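Sequences listed follow chains H and C, in order.
Letter 39 of the first sequence, counting from 1, is numbered 39 in this note's numbering, and no numbers are missing.
Positions in the second sequence are counted from 1; adding 1000 to them yields this note's numbering.
Each residue gets a CB set at the ideal place from its N, CA and C atoms; glycine is no exception.
Since the model is a prediction, treat every value here as computed from it, not as a measurement.
Protein chains: 2
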Amino acid sequence: MPGSRALAEQVGVHRNTVVAAYAELTAQGFLRTDPARGTFVHADLGLALEAGSSRRPMKRGDSQVHRAHSSRRASTSGIGFDLPHAADDRFGLPLSRIAGTQEPEPGTYFLTGGRPDPRLFPAALVARAYRRVLRREGRRVLDYGDAMGHPRLRHALADMLTKVRSLAVDLDGVLVTRGSQMGLDLVFGALIRPGDRVAVEAYGYPPAWAAMRRHGAQLCPVRVDDAGMCVDRLESLQAKGPLRCVYLTPHHQYPTTTTLPAARRIALLEFARRHRVAVVEDDYDYEYHYEGRPVPPVASADDGHNVIYVGSLSKVLAPGLRIGYVVAPAPLLERMARMRVMIDRQGDLTTEAALAELFEDGDVQRHIWRTARVYQARRDAFVVALREQLPGALTFTVPPGGLAMWARVEQGLDADAWAARALARRVWVVPGRHCHIDGRKRPYLRLGFTRHDESELVAAVRLLARAR
Amino acid sequence: MPGSRALAEQVGVHRNTVVAAYAELTAQGFLRTDPARGTFVHADLGLALEAGSSRRPMKRGDSQVHRAHSSRRASTSGIGFDLPHAADDRFGLPLSRIAGTQEPEPGTYFLTGGRPDPRLFPAALVARAYRRVLRREGRRVLDYGDAMGHPRLRHALADMLTKVRSLAVDLDGVLVTRGSQMGLDLVFGALIRPGDRVAVEAYGYPPAWAAMRRHGAQLCPVRVDDAGMCVDRLESLQAKGPLRCVYLTPHHQYPTTTTLPAARRIALLEFARRHRVAVVEDDYDYEYHYEGRPVPPVASADDGHNVIYVGSLSKVLAPGLRIGYVVAPAPLLERMARMRVMIDRQGDLTTEAALAELFEDGDVQRHIWRTARVYQARRDAFVVALREQLPGALTFTVPPGGLAMWARVEQGLDADAWAARALARRVWVVPGRHCHIDGRKRPYLRLGFTRHDESELVAAVRLLARAR
């Protein structure tokens, strides 16, 4: 190596800096100092010094960090190893990629489904609950803990599910997950082996399909009519090859918004019992039911222990809290919890404890009542605006619950082209093809009405009409 | 159905209750009312009323919910479908299962490795940061967001990694994960196809093995000596069949605590470059290096873009925050982010923003300095206690960093039996077999010294000595 004084001059730093650097590199084994002869690269390193090496000599003002910096930034896309062939995860794309844009432009109207209004998020409530939790049990919630979830939240959820949804479950029967997406991923991860057949609604929820496919499931679509999944088709599917499970959204069918009638629910349970098939019931926005009382889940009539019930607080509280839950037979829950340990070890115990507080204080229920009234009013205003500004262009049934509607586009109108023109005018809607398993053009739009207030919805519909 | 008055008497409720129940069941399609003739079960339901049905008639004081309640509680282990054969996830067991107990008894001394002291968790700091974040950007952090992680935290991490660890990365090169466990699970999920060969340290970190195996990897152990992984063995492994990646812990080798020397680091990088093999560097407790300065990561010399760098804030801040990060070539990070969307959609943006604040305010660095001094003092006290109370029973090198030590048990002493006797006296230690890939008896103990203060450590060592 150059003498410390010479190198200091070359690079333009104080000699002490070079001395310290040499000492550090020696301590780490890169250099070896011989007091009589000087400092040398350590022989053990086996580095070959080739003629014409691409390493140019260091110059004044030049620093190793700077060179490394620029070489890395110049080739951040560089990759020194081969990635295996990408798995097909087209259903796993977030909606933004589907719409063809990474980030919607500011001022875009979100008429995409399932988007609660951020202005209604209970941020102050949550902040206060966080503070209380950290003050009272900070050491516990910040430490390693139970992969099943904070027991207080599991108890609060079990209580709610038993009293309001007739599920008759205690805290041991509830697994808390980071949103229903994780619930689905754990269910399918624990249940599905590659090649297993899963019956799904032909119009359905793509992120669930993505979770199934990532575990190697073979998706078998079942026709959906104006009453949801055509359950009578399951027998013939089963005859072609045994089903591992059936996945569906019976309360507010995604995307068509209908509710599965009693006769089909009973038929579904009988089918499941007869063939020992699991039923995955995704009840993602149970609380928002506007007409009459919400329908009890299929799981509430499940004497045969076939149903796996997946729920979420994303729509009713806030999506960023990532709190969902799964009710399932104990052997399956146990497997899911063990799998969860290998994924992220545990949930966010601080958030879980904070939400338990909000349940116990009745804040969750009050928030649901308030926001349900707001969203029902928005639904009604949206319906009026559509009828006034787009008569004949869209045919729909007013949804009895949920955050979105499903509208048929009149003949002669191309739903995809209309959606693209609407996005150019900053109104974001989802064409029906993105909710069908074959991805082909469909004359439908899924329209969400909860993210904006009544006047914003009227303005959005006006833009949508102009884009027609 | 019985008349409402008769049923009310039978069940012991007010007649109005029965009337309301009939109305609800009618609305849901279970019953049908003929004003002239009465209320009937809906014909569409196709229910067969068999003689001698197991459904006993309802009696006074009896309620459907109550019966459902008791029938479900009686058979919570009931499951109406078949679970597929369980995957081998023995490495995925949490440490508590390994030690043979679900929950350690209260008052147990945790001499297990890697356990920061909950009394040192910065709970108040975190609480204040949560409050500020929710007040300032509550709508944003509680909404759907970026699967890569909150940009402020990615920027703060990139800044720290560039300045302190010479990684030369910007925010686009950092993926925030829920702990290093999720980082590892995403890396292996994106990189490994079933059957792929992965070189691992023969003494290593079982939760990482679990993550690899769950994606179908074939683990190929490499001998570990007193300087870490014997990197020169990789060539012959490669000759037997190409490796997809090498996983190791070069800074504080888990479990033996040694640091991989410079010569082996260079050889590792050259091997990786030559054969286009990925290197997964798990640097889980970088900041806690007591003697000299911490060694820069292998990733800091990675001109060939072979290294995937995984880090964590669990040890330095708190495990419950679940904040880890991965630095990797962009094509791999992109795949990992897409996969993450299908698992839990995104991280906890509130926590991520709160930690960004703590980084920006210098609180993280101050916390690291404080706790590092505390842990170093505890290490020293622990070493003294071991030498005084267990002379000859344990041989060890004082670890230059980290939260645990690796001690060889003298001949004639059975490490597993000793650990079991110690647990009976409420001192929890981990026998070396649990850190070796073949799981066979090993004459070692992994001993953590950070969860307890000096006097508690002395007391724990006394109990350990008595259990000998």
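Residue i, enclosing beta strand (DSSP E) - first and last residue
| i | result |
| --- | --- |
| H/M405 | 404-409 |
| C/E1352 | No beta strand (DSSP E) holds C/E1352; the alpha helix (DSSP H) holding it covers 1349-1360. |
| C/D1034 | 1031-1034 |
| H/A263 | First-last for H/A263: 262-275, but that is the alpha helix (DSSP H), not the beta strand (DSSP E). |
| H/A127 | Not the beta strand (DSSP E): H/A127 falls in the alpha helix (DSSP H), residues 123-141. |
| C/F1396 | 1394-1396 |
| H/E201 | 197-201 |
| C/R1446 | 1444-1448 |
| C/G1304 | Premise fails: C/G1304 is in no beta strand (DSSP E) and is neither H nor E. |
Candidates the options, of which the one nearest residue i by Cα
| i | options | result |
| --- | --- | --- |
| H/A385 | H/V327, H/V461, H/V341 | H/V461 |
| C/L1120 | C/A1467, C/E1456, C/R1451 | C/R1451 |
| H/T112 | H/R446, H/A465, H/A467, H/A459 | H/R446 |
| C/G1189 | C/L1260, C/P1151, C/V1341, C/R1265 | C/V1341 |
| H/G392 | H/R136, H/A407, H/E291 | H/A407 |
| H/D283 | H/P297, H/R32, H/G401 | H/P297 |
| C/R1037 | C/L1025, C/A1020, C/M1001, C/Y1286 | C/M1001 |
| C/P1151 | C/T1257, C/V1187, C/Q1346 | C/Q1346 |
| C/P1104 | C/V1429, C/A1227, C/Q1218 | C/V1429 |
| C/D1344 | C/R1178, C/T1108, C/R1131, C/V1374 | C/R1178 |
| H/L349 | H/L313, H/R140, H/E287, H/S166 | H/R140 |
| C/R1124 | H/L125, H/R131, H/V126, H/Y247 | The residue you asked about is not Arg; residue 1124 of chain C is Ala in the sequence shown. Per the Cα distances, H/R131. |
| H/P255 | H/G29, H/V295, H/A404 | H/A404 |
| H/Y375 | H/T351, H/D285, H/R442, H/E357 | H/D285 |
| C/Q1238 | C/I1323, C/R1440, C/H1275, C/D1363 | C/H1275 |
| H/H155 | H/L142, H/V176, H/A147 | H/V176 |
| H/F359 | H/V316, H/Y247, H/V11, H/V198 | H/V316 |
Helix, strand or coil at residue i [DSSP, three-state]
| i | result |
| --- | --- |
| H/D146 | coil |
| C/L1413 | coil |
| H/L153 | helix |
| H/P221 | strand |
| H/D172 | helix |
| H/P116 | coil |
| C/F1040 | strand |
| H/E9 | helix |
| C/R1073 | Unreliable placement is indicated for C/R1073, whose pLDDT of 41 sits below 50; the coordinate value is still reported in the next sentence. It is helical. |
| H/R244 | strand |
| H/S314 | coil |
CB contact below 8 Å: residue i versus chain H
| i | result |
| --- | --- |
| C/I1266 | yes |
| C/S1053 | Note that C/S1053 scores a pLDDT of 37, beneath 50, so its modelled location is shaky and nothing firm can be said. |
| C/N1016 | no |
| C/I1079 | yes |
| C/F1030 | yes |
| C/E1454 | no |
| C/F1449 | no |
Interface flag, residue i vs chain C, CB-CB below 8 Å
| i | result |
| --- | --- |
| H/P104 | no |
| H/L153 | no |
| H/T108 | no |
| H/A210 | yes |
| H/M160 | no |
| H/M182 | yes |
| H/L349 | yes |
| H/A272 | yes |
| H/A239 | no |
| H/R165 | no |
| H/P84 | yes |
| H/V41 | no |
Cβ-Cβ separation, residue j to residue i (assumed contact under 8 Å), whole Å
| i | j | result |
| --- | --- | --- |
| H/I308 | H/A328 | 4 Å |
| H/I437 | H/L219 | 6 Å |
Where the alpha helix (DSSP H) containing residue i begins and where it ends
| i | result |
| --- | --- |
| H/L186 | 179-191 |
| C/T1371 | 1363-1389 |
| C/E1235 | 1234-1240 |
| H/E334 | 330-343 |
| H/R466 | 454-466 |
| H/A278 | Element bounds for H/A278: not the alpha helix (DSSP H) but the beta strand (DSSP E), 278-282. |
- Item | Cβ-based contacts, 8 Å cut-off: residues of the segment 1309-1343 of chain C near chain A | The question asks about chain A, but that chain is absent: this structure's protein chains are H and C.
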